[in-house]
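Okay, so here's the structure we're looking at.
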Amino acid sequence: MKAWNKVMIDTPHGEVPGVAPIIISASRATDIPAFYSDWFFERLKAGYLKWINPFNRKAQYVSMAAARVIVLWTKNPAPIMMRLAELEMRDINYYFTVTVNDYEAEGLEPGLPALDARIDSFV
-6 MKAWNKVMID TPHGEVPGVA PIIISASRAT DIPAFYSDWF FERLKAGYLK WINPFNRKAQ
54 YVSMAAARVI VLWTKNPAPI MMRLAELEMR DINYYFTVTV NDYEAEGLEP GLPALDARID
114 SFV
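Quick note on numbering: the sequence shown equals residues -6 to 116 in the numbering used here.
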């Protein structure tokens, strides 16, 4: 299996080694579309991001230069929907994996909009 392309990334603190994947899986652990869309587009504009591996706590710099597809994992796509043209302008494709569950009655996810509102945001 081929590894990611290795690149040097210019940061305000100098060059750092990083990777330049073609597919970026954004937010399996953190719901970027729902809560961090502004951060994501700031990092896209900067051309790179710094990701902390949750298992070994090591930093990994990721270049956006080669990205052709962004996979957006979310429970609430509404906050990012108005900004998708920014990806299109950069010729970056995207798709969503949306978790659609309804724990409203149980009160398990109090910060989520109602299920109908979440579905309406992408239908």
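Backbone N, C-alpha and C fix where the C-beta goes; we use that ideal spot for every residue, glycine too.
Below 8 Å, enough C-beta pairs join the region 13 to 26 and the region 50 to 60 to call them touching: three or more. Here isoleucine 85 really is in contact with arginine 61; their C-beta atoms are around 6 Å apart, less than 8 Å. Between the alpha carbons of leucine 80 and lysine -5 lies a distance of about 26 Å. Contact between asparagine 69 and alanine 27 is confirmed by a C-beta separation of about 4 Å, below the 8 Å threshold.
In this structure, the alpha-carbon of asparagine 94 lies about 12 Å from that of alanine 110. Within the DSSP bridge table, the entry for alanine 60 names no partner. Per DSSP, the continuous alpha helix (DSSP H) segment holding lysine 38 begins and ends at 30 to 39. Collapsing the DSSP output to three states places alanine 19 in a strand. The straight-line gap separating the alpha-carbon atoms of valine 0 and isoleucine 45 is approximately 18 Å. In summary, tryptophan 32 is exposed, with fewer than 16 beta-carbon neighbours lying within 10 Å of its beta-carbon over all protein chains present. Setting aside the 5 residues that flank it on each side, arginine 76 is surrounded in the same chain by Ser30, Phe34, each with a C-beta closer than 8 Å to its C-beta; the list follows chain order.
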